[in-house]
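Using my numbering, the first residue of the sequence shown is number 1, and each one after it goes up by one.
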Amino acid sequence: MASCESLYDVLGVSNNVSPEEMKKRYHERLLKYSPDKLGHGADKEEIEKATQLYLKLQEAWKILNDPEKKRRYDAELAAKSLRYESPSENAVDVSEMDYDSDEDVYFYHCRCGGDFEFRGPSVPTDITCNTCSLSLCVTANRGNGNT
Ligand SMILES: [Zn+2]
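What follows is the structure, given as structure tokens:
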């Protein structure tokens with residue numbers, strides 16, 4: 001699982017959501033993302049993607065619906081956000097990264113002095129610094145509607 005997407009994001013709720021509201025959202029999303037909904041016209045890739053989402057949704061629910069697991073997950077999440085000084089430090093848009101067009105490699109300087117880097121054209125969601133263990137969430141809001 002990409003570290004930049006929390007289980008709450010998967011369910012589309014905030015982390016102070018009430019159990020009732022969370023349940024409602026979960027069921028809404030289950031219906032929406034059910035691979036059965038794709039019908040016969042869907043290609044393999046679409047089905048694969050829907051199935052992944054569907055499983056992720058169920059996984060998130062399993063944890064968040066269990067008070068003990070949820071408590072542990074919340075603690076983990078809090079510890080993770082403490083590791084970053086500001087939210088912008090663990091998320092960056094690809095347009096803010098340095099780009100080497102000869103190599104087709106994107107760079108972003110880590111505060112440890114190392115670099116986050118990846119090779120284009122596909123944008124990963126999560127990259128790790130080449131010297132320390134920080135990870136960076138890469139977003140791709142480049143204005144090209146990704147459909
Ligand atoms: Zn680093």
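From the three backbone atoms N, C-alpha and C, an ideal C-beta is built for every residue, glycine too.
Check	Outcome
Relative to the C-alpha of Asp9, which candidate in Glu48, Asp36, Gln58, Lys49 has its C-alpha closest?	Gln58
Rounded to whole angstroms, what's the CA-CA distance from Phe118 to Leu31? Just pull it up for me.	35 Å
Select from Lys70, Gly114, Gln52, Met97 the residue whose C-alpha is nearest the C-alpha of Ser18.	Lys70
Spell out the partners DSSP gives His109 in its beta bridges.	Asp115
Anything with a beta carbon under 6 Å from a heavy atom of ligand 1 counts; list them all in chain order.	Cys110, Cys112, Gly114, Cys129, Thr131, Cys132, Leu134
Write down the C-beta distance between Leu7 and Leu64 rounded to the nearest angstrom, noting that I regard them as a contact closer than 8 Å.	6 Å
Given this structure, state the Cα-to-Cα distance separating Asp115 from Asp74, to the nearest angstrom.	29 Å
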